[in-house]
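S.K.: In short: position in the sequence shown from 1, add 258, done, that's my numbering. From the three backbone atoms N, C-alpha and C, an ideal C-beta is built for every residue, glycine too. The structure follows.
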Amino acid sequence: IGFSGLKEFVNYYATSKVLGDNYSEKIIKKIIEHSEEVAKYALKLSRTLKMKKTFENIYIGAIIHDIGKVIINSFSPGIIRRIFKIKNELETGDIDLEEMVLGLSHSEIGARVAKKWNFPKNLVSVIRYHHTPHLIPKEEKDLYEMIAVIYLANTIYYYIRDEFPFEKIDKKVL
259 IGFSGLKEFV NYYATSKVLG DNYSEKIIKK IIEHSEEVAK YALKLSRTLK
309 MKKTFENIYI GAIIHDIGKV IINSFSPGII RRIFKIKNEL ETGDIDLEEM
359 VLGLSHSEIG ARVAKKWNFP KNLVSVIRYH HTPHLIPKEE KDLYEMIAVI
409 YLANTIYYYI RDEFPFEKID KKVL
């Protein structure tokens with residue numbers, strides 16, 4: 259992943275340690291494990307697709323794509339757990355429920371905070387569109403491939419666990 263990627267990983271690891279001390283360690287650990295596995299799938303996809311120019315950004319984007327879930331948990335501990343419970347009962351999407359309960363999805367909350375923290379624009383877009391690559395604005399279409407890979411990696415994570423049906427995968431991204 260190169261020196262830059264290694265530096266970002268160290269920053270990520272340190273951040274996870276700080277967050278683990280301040281928030282529900284169990285939920286944060288689950289989000290971190292999910293993000294690490296999504297990053298692994300994203301790297302494999304990006305290698306297969308020979309996306310060398312965006313390799314490091316794909317890894318970093320996959321690692322931080324769910325930062326909004328950490329933020330939601332920080333102001334309302336346990337809400338993610340309750341959203342998942344309701345989702346399983348109603349068989350609806352996470353994003354739909356988050357927007358109904360919170361008014362915004364974890365993707366939008368994460369993107370707004372990342373923008374405020376001066377994250378690079380491409381990472382803000384990854385966070386915002388990792389569930390909805392088809393909504394990327396025209397002026398950001400150059401980021402489509404990177405975001406689509408992270409979307410697929412995230413989808414693979416849930417598909418393997420029988421939490422996302424194949425029929426719901428965005429066919430344009432495939």
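Taking the C-alpha atoms as reference points, what is the distance between His388 and Asp324?
M.R.: As a first step, residue 388 must be located in the sequence shown, where it is residue number 130. As a first step, residue 324 must be located in the sequence shown, where it is residue number 66. Distance between the alpha carbons of His388 and Asp324 is about 9 Å.
S.K.: Here's the rule I'm using: 16 or more other beta-carbon atoms within 10 Å means buried, otherwise exposed. How should Asn412 be labelled?
M.R.: For the purposes of this step, residue 412 is taken as residue 154 along the sequence shown, with counting starting at 1. Buried: at least 16 other Cβ atoms inside 10 Å.
S.K.: How many angstroms separate the CA atom of Lys439 from the CA atom of Lys288?
M.R.: No information on residue 439 is available, as it lies outside the stretch 259 to 432 that the chain covers here.
S.K.: Give a yes or no on whether the C-beta atoms belonging to Ile394 and Ala369 are separated by under 8 Å.
M.R.: Here the question's residue 394 lines up with position 136 in the sequence shown. Here the question's residue 369 lines up with position 111 in the sequence shown. The answer is no: Cβ separation not under 8 Å.
S.K.: Within its chain, find whatever has a CB closer than 8 Å to the CB of Ser293; leave out the 5 residues flanking it on each side and keep chain order.
M.R.: Here residue 293 is taken as the residue at index 35 of the sequence shown, counted from 1. Cβ neighbours of Ser293 beyond the five flanking positions: Ala320, Ile321, Ile322, His323 and Asp324.
S.K.: Compare the Cα-Cα distances from Lys429 to each of Lys373, Phe313 and Ala406 and report the closest residue.
M.R.: Position 171 of the sequence shown, counting from 1, holds the residue named residue 429. Cα-wise, what sits closest to Lys429 is Ala406.
S.K.: Within its chain, find whatever has a CB closer than 6 Å to the CB of Ser304; leave out the 5 residues flanking it on each side and keep chain order.
M.R.: As a first step, residue 304 is located in the sequence shown; it is residue number 46 there, counting from the start. Counting only Cβ-Cβ distances below 6 Å, and skipping sequence neighbours, we find Phe313, Ile316 and Val407.
S.K.: Ignoring anything shorter than 4 residues, give me the alpha helix (DSSP H) runs that lie fully in the region 401-428, in order along the chain.
M.R.: Counting whole runs of 4 or more residues, the region 401-428 contains the alpha helix (DSSP H) stretches 402-418.
S.K.: Who are the Cβ neighbours of Leu410 in its own chain at under 7 Å, not counting the five residues just before and after it?
M.R.: On the sequence shown, residue 410 is found 152 positions in, with the first residue counted as 1. Leu303 and Val431.
S.K.: According to the neighbour-count rule (16 or more other Cβ atoms, all chains shown, within 10 Å of its Cβ), is Lys426 buried or exposed?
M.R.: Translated into positions along the sequence shown, residue 426 becomes position 168. Lys426 should be labelled exposed.
S.K.: Is it right to say Pro423 is buried, meaning 16 or more other beta carbons lie within 10 angstroms of its own, or is it exposed?
M.R.: Reading the sequence shown from its first residue, position 165 is the one you call residue 423. That one is exposed.
S.K.: If we call anything under 8 Å between Cβ atoms a contact, is Ser434 one with Glu397?
M.R.: What the structure shows of the chain is the stretch from 259 to 432, and residue 434 is not part of that stretch, so it cannot be assessed.
S.K.: Using a Cβ-Cβ cut-off of 8 Å (strictly less than) and excluding sequence neighbours within five positions of His392, which residues of its own chain qualify?
M.R.: Locating residue 392 in the sequence shown gives position 134, counting from the first residue. Here the set comprises Asp428, Lys430 and Val431.
S.K.: With H, G and I counted as helix, E and B as strand and the rest as coil, what does DSSP make of Ile321?
M.R.: Here residue 321 refers to the residue found at position 63 when the sequence shown is read from its first residue. Of the three classes helix, strand and coil, the one that applies to Ile321 here is helix, per DSSP.
S.K.: Nearest-angstrom Cα distance between Asp400 and Leu307?
M.R.: What you label residue 400 is simply residue 142 of the sequence shown in a count that begins at 1. What you label residue 307 is simply residue 49 of the sequence shown in a count that begins at 1. The alpha-carbon atoms of Asp400 and Leu307 are separated by roughly 16 Å.
S.K.: What is the DSSP secondary structure of Thr390, counted as helix, strand or coil?
M.R.: As a first step, residue 390 is located in the sequence shown; it is residue number 132 there, counting from the start. In the structure shown, Thr390 sits in coil (DSSP, three-state: anything other than H, G, I, E or B).
S.K.: Which residue's Cα is closest to the Cα of Lys298: Tyr415, Thr390, Arg419 and Asn331?
M.R.: Walking along the sequence shown from the start, residue 298 turns up at place 40. If we check each option's Cα against that of Lys298, Tyr415 comes out closest.
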